[in-house]
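What follows is a short report on a single structure.
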Amino acid sequence: MSAIVTTYVAEHKLNKDMSNEELSQHALALLELLTDKLKRDKGRQHFQKEYNFSKEQAFVLIPDQRICRSRSRVIPKEGGDEAGKVNICQVSDIIPDGEPIGSIVQRI
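First residue of the sequence shown? That's 17 in my numbering, and the numbers climb one at a time after it.
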């Protein structure tokens, strides 16, 4: 597991001074390499101990895959090739502004 992280850091020149936005671009690739929970946990620990990444940075690089899976089920409103990305408009259009919770429950 640490060999995967070590190789990835060397190939992609990752460092703790990179922004979370830059680091997040590597999350999907790392999730594909670290296939189970134990590997992801050990990978995060390796980023923190060996490369001095913060806990937040480690979770940006290797997110909790359960969260990624649930987000990937959301289909973009336009149905384009952005499958897997959350469309905020899709979520906010479900509940109109100012609608009481009682009427929302009745609709459901």
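From the three backbone atoms N, C-alpha and C, an ideal C-beta is built for every residue, glycine too.
Here the structure is a predicted model, which means the values were calculated and not measured.
TODO: Taking Ser35 as part of the alpha helix (DSSP H), name the residues at either end of that continuous run.
DONE: From DSSP, Ser35 is part of no alpha helix (DSSP H); its letter is neither H nor E.
- [ ] Tell me whether Ser70 sits in a helix, a strand or coil according to DSSP, three-state version.
- [x] Looking at Ser70 - three-state DSSP - the assignment turns out to be coil, as it is neither helix nor strand.
- [ ] Step through the CB atoms of chain C and report whether any lies within less than 7 Å of the CB of Pro116.
- [x] The chain inventory of the structure shown lacks chain C, comprising one protein chain alone.
Open item on the list: Whole angstroms are fine: how far does the CA of Ala19 sit from the CA of Ile78?
Closed with: The alpha-carbon of Ile78 is positioned some 15 Å away from that of Ala19.
Task: Cα-Cα separation, Lys65 to Asp80 - done: Cα to Cα, Lys65 sits roughly 19 Å from Asp80.
Task: As assigned by DSSP and simplified to three states, the class of Leu50 - done: Correct three-state label for Leu50: coil.
- [ ] Go ahead and label Cys84 buried or exposed: buried means 16 or more other beta carbons lie within 10 angstroms of its beta carbon, across all protein chains shown.
- [x] Note that Cys84 scores 48 on pLDDT, short of 50, meaning its location in the model is unreliable; the coordinates nonetheless yield the value given after this. With fewer than 16 other Cβ atoms within 10 Å, it is exposed.
Open item on the list: I'd like the list of long-range same chain contacts for Asp52, defined as Cβ closer than 6 Å, with 5 residues on each side in sequence excluded.
Closed with: So no residue of the chain qualifies.
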